[in-house]
Amino acid sequence: MDFSSVLSPTGTHTIGKQFDFEAGHRLPGLPPEHKCSHQHGHSYRVEVILTAPALEKPGFVTDFGALAPFKKFLDTELDHHNLHEVLPFEPTSERLAQFLAGWFIQNLQPTIPGRLVAVCVRETGRSWARFDVAGQ
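If you want our numbering, it's the 1-based position in the sequence shown plus 500.
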């Protein structure tokens, strides 16, 4: 079969990569009877979503290997920490997603061809928060 006649539609390429870390937290802003006001932990899963209007050689939005500094940041600064002790805000998943987007844009995005679209933070397999970057 000859595939040379298959036309490529126009559009945008998008990739995603997931990272994991373990951390504890509490949300003292909640009433004392709320279970999340007490110390507890999660196996967090963070997904970064990137896009690009054109692909870089050999056909990447961004080489997945170029995202290693983000994993290093998670491992060094958040993994096995109490998030309410290391972050300057009450560590809800929503705020954590926004914070991680900010870190990514400031520290990693200038060095890669893709642009961050969103960060999704999962506390469990059934609950998540997503922060969408404006203007990306």
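Quick reminder that beta carbons are idealized off the backbone N, C-alpha and C, glycines included. All values derive from a computational prediction rather than experimental measurement.
A Cβ-Cβ distance of about 6 Å is found for the pair Thr551 and Arg615, placing them in contact under the 8 Å criterion. Gln606: member of the alpha helix (DSSP H) spanning Ser593 to Asn607, first to last residue. Sequence-distant partners of Thr514 (beyond 5 residues in either direction) whose C-beta falls short of 8 Å from its own C-beta, in its chain, are Ile549, Leu550, Thr551, Val561 and Val617.
The alpha helix (DSSP H) runs of length 4 or more contained entirely in the region 537-585 are, from start to end of the chain, 568-573.
Looking at the backbone, the Cα of Glu594 and that of Ala554 are separated by about 30 Å.
Arg626 and Tyr544 have their C-alpha atoms spaced approximately 12 Å apart. The continuous beta strand (DSSP E) containing Leu616 extends over residues Arg615 to Arg622. Across the structure, Gly602 and Thr512 are spaced so that their CA atoms are roughly 23 Å apart.
DSSP places Thr514 within a strand segment (E or B) once states are collapsed to three. DSSP places Phe631 inside the beta strand (DSSP E), whose first and last residues are Trp628 to Asp632. In this structure Ala634 is exposed. Its beta-carbon is surrounded by fewer than 16 other beta-carbon atoms within 10 angstroms.
Counting C-beta atoms within 10 angstroms of its own C-beta, Val586 has fewer than 16 neighbours from the protein chains shown and is therefore classed as exposed.
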